[in-house]
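Colleague: Sending over a structure as structure tokens; questions will come in a sec.
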Amino acid sequence: MYGYNPHFTFRIGDLGVFEGKLEALKKEGHSVQYNVKQETNYLAQIINWILPFALLLGIWLFVMRRMSGAGGGPGGQIFNIGKSKATLFDQNTKVNVTFADVAGLNEAKVEVMEVVDFLKNPKKYTSLGGKIPKGVLLVGPPGTGKTLLAKAVAGEAGVPFF
């Protein structure tokens, strides 16, 4: 029987639809013989279970990174409580900025040079009753040289700038 009739092998989608079409052919008088062999694709079943969970996990991680501010965007202040964005500086690196590098700001330089002199020669001032300055407040709009002046103070005094 195999030698006289053509044989075809193919995959079908829905078995119920296929059997319905074969019944229609039988009603028209056609004789069709078929064997159904069901194959289970385990890889497709695993992907159908894992893919939705992986997608949800990916979306959740993306949202959490955005909320924590780690995504580089704005937001996340509520989740960054206690997390400092300060960077560590090496204490051995020398600051190479001096007062000669600071142009202008003559009055400010004179005032700050007194602090540097106190840092270099503290006995000179403490013998007269002077106290160690707690800090210097530099005020001004952006781009006026406040940071450069502070680096010059650190460079002249030989202390690390951070």
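Residue numbers (the numbering used here): 74 to 235. Just so you know, even glycine gets a beta-carbon here, dropped at the ideal spot from N, CA and C.
Does the distance from the C-beta atom of Ala225 to that of Val175 stay below 7 Å?
Modeller: Start at 1 with the first residue of the sequence shown, and residue 225 comes out as number 152. Start at 1 with the first residue of the sequence shown, and residue 175 comes out as number 102. Yes, the Cβ-Cβ distance between Ala225 and Val175 is below 7 Å.
Colleague: Are three or more beta carbon pairs between the stretch 189–209 and the stretch 217–232 nearer than 8 Å?
Modeller: yes
Colleague: From Leu221 to Pro214, what does the alpha carbon distance come to, in whole angstroms?
Modeller: Here residue 221 is taken as the residue at index 148 of the sequence shown, counted from 1. Here residue 214 is taken as the residue at index 141 of the sequence shown, counted from 1. One C-alpha to the other measures close to 14 Å.
Colleague: Taking the alpha helix (DSSP H) that Tyr198 belongs to, which residues open and close that run?
Modeller: As a first step, residue 198 must be located in the sequence shown, where it is residue number 125. Note, Tyr198: alpha helix (DSSP H), 195–199.
Colleague: So Val226 is in the alpha helix (DSSP H); what residue range does that whole segment cover?
Modeller: Counting from one through the sequence shown, the residue named residue 226 turns up at place 153. Membership of Val226 in the alpha helix (DSSP H) is indicated by the continuous run 219–230.
Colleague: Would you identify the three-state DSSP class for Tyr107, choosing helix, strand or coil?
Modeller: The sequence position of residue 107 within the sequence shown is 34, counting from 1. Shown here, Tyr107 sits in coil according to DSSP, grouped into three states, outside any helix or strand.
Colleague: Please state whether DSSP places Met74 in a helix, a strand or coil.
Modeller: For the purposes of this step, residue 74 is taken as the residue at position 1 of the sequence shown. The pLDDT assigned to Met74 is 47, lower than 50, so where the model puts this residue is not dependable; a value taken from the coordinates is nonetheless given after this. Coil, per DSSP.
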